[in-house]
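Quick note, the sequence shown lines up with residues 1 to 580 if you use this note's numbering.
The beta-carbon is built from N, C-alpha and C at its ideal position, and this holds for glycine as well.
Predicted model only: the values in this text are computed from it and were never measured.
Okay, so here's the structure we're looking at.
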Amino acid sequence: ASHRSLLAGVVTARDFTSQVFVDAPAQAMDVRCLADGVAVATGETLWSERVAVDVVGHPNEQLERYGDALGREMGARAPREAPAGWCSWYYFFTQVTEEDIVRNLRFIESHQRELPIQLVQIDDGYQGDIGDWLTVNEKFPHGMAWLASEIKRAGYIPGIWTAPFLLAETSRTFAEHPQWVIRDDAGAPVVAQHNWGRNNYGIDGSNPEALAWLTEVFRQICDGWGYDYVKIDFLFAAAVAGRRLDEQATRIRAYRQALEAVRKGAGEERFILGCGSLMAPSVGVFDGNRIGSDTAPWWRFLTGNEREAPRPRPRRPDDNLSAETAIRNTMTQFWMHNRLWANDPDCLLVRTDRTKLTLDEIRSSATAIGLSGGMMLASDELDRVPPERLEIISMLLPVLPSSAVPVDLVERDIPERFEAAYDRPFDPVRLVAAFNFDDEARDLRVELPAGEWHAFDVWEERYLGRATGELGFPGIGEHACKLLALRPVTETPLVVGTTAHIGAGVLDITAQEFDVATSTLRVGLGPAGKRVRRIHVACAGREPLRAELDGRECAFWRDGDACVVEAAVDAAVEVVVGFG
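Structure follows, in structure tokens:
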């Protein structure tokens with residue numbers, strides 16, 4: 001193999017659906033922009049989208065450059081801080097009630113230290129019908145404006161779900177405005193999706209009346225009700241094939257016009273999260289975007305017969321609605337984050353009821369979500385989650401500032417190595433995740449960068465010692481992972497890992513200095529992650545004699561070649577370790 005790669009893709013997507021075809025034996029490439037049959041008048045010119053071709057460097061670098069170019073050409077709203085929050089969907093689904101939202105809001109409010117989130121999002125289940133977004137059903141007796149005010153009063157951003165480009169056949173909106181939907185050649189409404197037990201039609205984004213309605217709906221949701229975060233789902237519905245009012249509007253033009261109508265109604269400052277979208281044509285409208293299929297409270301979707309089989313079936317490229325597929329998408333779409341929008345890897349599910357996920361599978365999901373630097377939304381009934389599972393959520397808060405990179409992206413159908421480097425002068429660290437996506441236990445090996453490294457096992461909260469070359473981990477369980485924090489070995493003591501956050505010190509270590517004259521290590525700590533944490537310090541051949549937290553003695557003990565300091569951190573503090 002030459003280890004050379006070619007990347008080709010459009011860097012504009014305002015007019016056409018585009019496709020890239022590669023004929024490797026013929027060494028030929030064809031980029032097609034589908035004009036959906038629009039007429040071209042005599043003397044008129046129809047321009048394609050702009051195309052980028054890149055043949056330089058590693059595929060990951062090419063993807064990053066492509067993301068930069070696409071974001072620049074399409075006016076991306078990134079980077080914008082990825083919010084963390086709670087979402088009702090994966091526990092309550094469409095049966096959610098006002099009481100469910102308020103109960104979880106009160107739990108979050110009373111656990112602010114453990115759950116320092118910004119957002120509470122109401123998902124599907126409040127509306128009168130799909131398309132009747134301003135009509136609220138009987139499960140929300142106080143109405144959506146009241147609920148938004150309750151969320152704000154508690155100190156959180158209120159968020160709400162909609163599917164604005166779908167009109168259910170049973171909706172009042174469709175009954176009153178049947179001309180707003182896309183139709184086939186016979187004049188019948190095009191079914192964009194059958195869901196919720198009914199047909200749902202796609203809205204015609206070329207229809208000025210439909211666009212004005214979209215703008216008014218979101219103006220009411222945001223300015224009227226008070227929601228500052230809106231999730232817009234099933235967006236592909238506005239791009240299905242069919243006849244539109246404006247026969248010169250391509251599917252992409254109509255889709256983009258519908259998105260812009262939503263943004264106009266929501267306003268420039270509100271956070272819009274896309275879902276079920278056409279990716280490239282959405283850049284410049286979204287603040288965040290779901291970059292894969294839904295997760296689920298199971299590892300892999302299996303039919304009844306498949307569940308009864310002696311062995312689970314292997315994963316397939318078209319698998320969806322599973323934790324495994326969500327992890328794959330989180331890693332492979334790394335290059336979009338902070339270039340096109342804030343990536344939404346979908347929710348983290350840590351509960352012990354209504355789930356088939358094992359603890360190992362939950363940790364693998366948390367590792368991928370945490371290292372992605374993207375949005376982090378919990379979606380459980382929080383007062384039923386055991387404290388040790390709540391700590392998994394705490395370990396992902398706040399989110400890391402950037403995404404890790406899948407180093408074996410093109411070698412495997414699902415990457416097994418997800419790595420990030422944070423080169424702070426006082427604490428350079430590499431986070432390395434190694435996954436076993438097989439359906440049986442196997443050995444894992446982690447190749448190390450050149451040099452000697454302190455290795456810390458984040459999930460096991462254990463210092464592994466110094467290492468060079470590679471580290472081996474025998475018998476790692478199916479769907480499990482290892483997450484390591486690697487720091488270069490020095491001649492003086494240093495922190496090799498903390499147990500507060502998935503970054504193992506990336507966010508909670510704010511300063512670090514060793515004073516050779518006094519043989520003292522000073523470490524600044526912030527409140528990121530869990531309140532009670534252990535700070536593991538490599539002693540570099542010295543004997544630890546004392547440990548202090550802001551001048552007061554605190555617990556510490558020797559652990560092999562390291563010492564461990566235990567501290568509860570609610571605000572910025574300094575830990576001092578004195579050596580003999």
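Annotation note: the stretch 58 to 117 contains the following uninterrupted beta strand (DSSP E) runs of length 3 or greater, listed N- to C-terminal: 84 to 87.
P493 is classed as buried because its beta carbon has at least 16 other beta carbons within 10 Å across all chains shown. For W453, the beta-bridge partners assigned by DSSP are A467, P488. Partner residues in the beta bridge of S18, as assigned by DSSP, are C33. For Y156, the CB contacts under 6 Å within the same chain, skipping 5 residues up- and downstream, are V120 in chain order. A direct Cα-Cα distance of roughly 11 Å separates G202 from A254.
Contact between the stretch 105 to 123 and the stretch 175 to 191 is not established, with fewer than three Cβ pairs separated by less than 8 Å. The continuous stretches of beta strand (DSSP E) do not include I414, and DSSP gives it neither H nor E.
Collapsing the DSSP output to three states places K356 in coil. The DSSP-derived three-state label of Q257 is helix.
Residue nearest to D132 within the set E447, L147, V102, F218 is F218 (criterion: CA-CA distance). Residue pairing by DSSP places D23 opposite A28 in a beta bridge. Under the Cβ criterion (8 Å, minimum of three pairs), the stretch 82 to 96 counts as touching the stretch 344 to 352. Fully contained in the stretch 238 to 288 are the following beta strand (DSSP E) runs of length 3 or more, in chain order: 271 to 274. M376 carries a strand assignment under DSSP once its states are collapsed to helix, strand and coil. When secondary structure is reduced to three states using DSSP, P544 falls in the strand class.
Your pair R430 and H454 does not check out as a contact, with CB atoms roughly 11 Å apart and the cut at 8 Å. By the C-beta density criterion, Q19 is exposed, having fewer than 16 other C-beta atoms within 10 angstroms. Residue environment analysis places F21 among the exposed positions, since fewer than 16 neighbouring C-beta atoms fall within 10 angstroms of its C-beta. Contact check for N436 against E478 passes: the beta carbons are separated by less than 8 Å.
Judged by DSSP secondary structure, L134 falls outside any alpha helix (DSSP H) and instead within the beta strand (DSSP E) spanning 132 to 136.
V506 is classed as buried because its beta carbon has at least 16 other beta carbons within 10 Å across all chains shown.
Nearest in C-alpha terms to D353, of all of A261, D383, I369, is D383. Spatial neighbours of S149 in its own chain (CB-CB distance under 7 Å, excluding positions within 5 residues in sequence) are listed in chain order as G226.
In this structure Q27 is exposed. Its beta-carbon is surrounded by fewer than 16 other beta-carbon atoms within 10 angstroms.
N338 and Y66 have their C-alpha atoms spaced approximately 13 Å apart. Bridge partners of I232 according to DSSP: T162, G274.
Inter-residue distance for E416 and G529 is about 25 Å (C-alpha atoms, whole angstroms). In this structure, A538 places its C-beta atom within 8 Å of the C-beta atom of V496. D508 is the residue among R313, D508, P297, L409 whose C-alpha sits nearest the C-alpha of S394. Setting aside the 5 residues that flank it on each side, R243 is surrounded in the same chain by R183, each with a C-beta closer than 6 Å to its C-beta; the list follows chain order.
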